[in-house]
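Undergrad: The structure's right below; bear with me while I get my questions together.
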Amino acid sequence: MINIEIPSPNIVITKQKALNTINKTPISSKYGFSDYINIPRRINGEQVAGIYMFFNEAEELLYCGQTDSLRSRVREHFYSDSSAIKNYRDEVYQIKIIYVKDDFEREIYETFIINKLESKYNIAKNFKRLRNAAEIDSNKA
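Take any residue in the sequence shown, count from 1 to its spot, add 764: that is its number in this note's numbering.
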């Protein structure tokens, strides 16, 4: 039997609300996230690769992805019209980042996390969703 556990996140970024008090300045952000800078571009001269997970306030996994460039990929999800979460950005409350350098390990962790936490918006690697779609297709035949 294979035993996989989800590693603890290296970085957690939580949505902030703009502050309108006299002593506080409004947060410059996209969808409430102003701490992208906490995701390093490089560590020891190497680009930072890993897994990123978007959660809602109820701590449900909305989307999980993996990349060899964490900082730019996470930002893309909030700025690009081709993002898989473009219609659900307002639901994202927290972003968790796990550093994973090896391509193969990233692929395994991503697939495991999507299925273990039952990601709401991942489609391709969500086996439960794929199985249900296959059952629907076989019932139509």
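Where a beta carbon is used, it is the ideal one built from N, C-alpha and C, also for glycine.
Computed from a predicted structure; not experimentally measured.
Does DSSP put residue 776 in a helix, in a strand, or in coil?
TA: Residue 776 falls in the strand class under three-state DSSP.
Undergrad: From 885, 836, 884, pick the residue whose C-alpha is nearest to that of residue 806; which is it?
TA: It is 836.
Undergrad: Report the rounded CA-to-CA distance for residue 892 versus residue 879, giving the unit in angstroms.
TA: Those two C-alpha atoms are separated by around 7 angstroms.
Undergrad: Mind the definition here: the region 868 to 877 touches the region 841 to 860 only if three or more C-beta pairs lie below 8 angstroms; say whether that holds.
TA: Touching, no, given that fewer than three Cβ pairs across the two stretches are closer than 8 angstroms.
Undergrad: For a minimum of 3 consecutive residues, which ranges assigned as the beta strand (DSSP E) are wholly contained in the region 827 to 867?
TA: Runs of the beta strand (DSSP E) inside the region 827 to 867: 858 to 863.
Undergrad: Might you give, ordered along the chain, the residues of its own chain that have their beta carbon closer than 7 angstroms to the beta carbon of residue 840, omitting 5 neighbours on each side?
TA: Once the five neighbours on either side are set aside, the close Cβ partners of residue 840 are 847.
Undergrad: With a cut-off of 8 angstroms on the beta carbons, I'd call residue 862 and residue 803 a contact; round off their distance for me.
TA: Going by Cβ atoms, the distance from residue 862 to residue 803 rounds to 11 angstroms, so no, they are not a contact pair.
Undergrad: Taking Cβ to Cβ, would you say residue 886 is nearer than 7 angstroms to residue 857?
TA: Contact: no.
Undergrad: Hey, how far is the Cα of residue 859 from the Cα of residue 765?
TA: Using only the alpha carbons, I get a separation of about 30 angstroms.
Undergrad: Rounded to whole angstroms, what's the CA-CA distance from residue 809 to residue 818? Just pull it up for me.
TA: Approximately 27 angstroms between the Cα atoms of the pair.
Undergrad: Taking residue 876 as the reference, give the member of 815, 838, 842 with the closest Cα.
TA: Checking every option, the nearest Cα to that of residue 876 belongs to 815.
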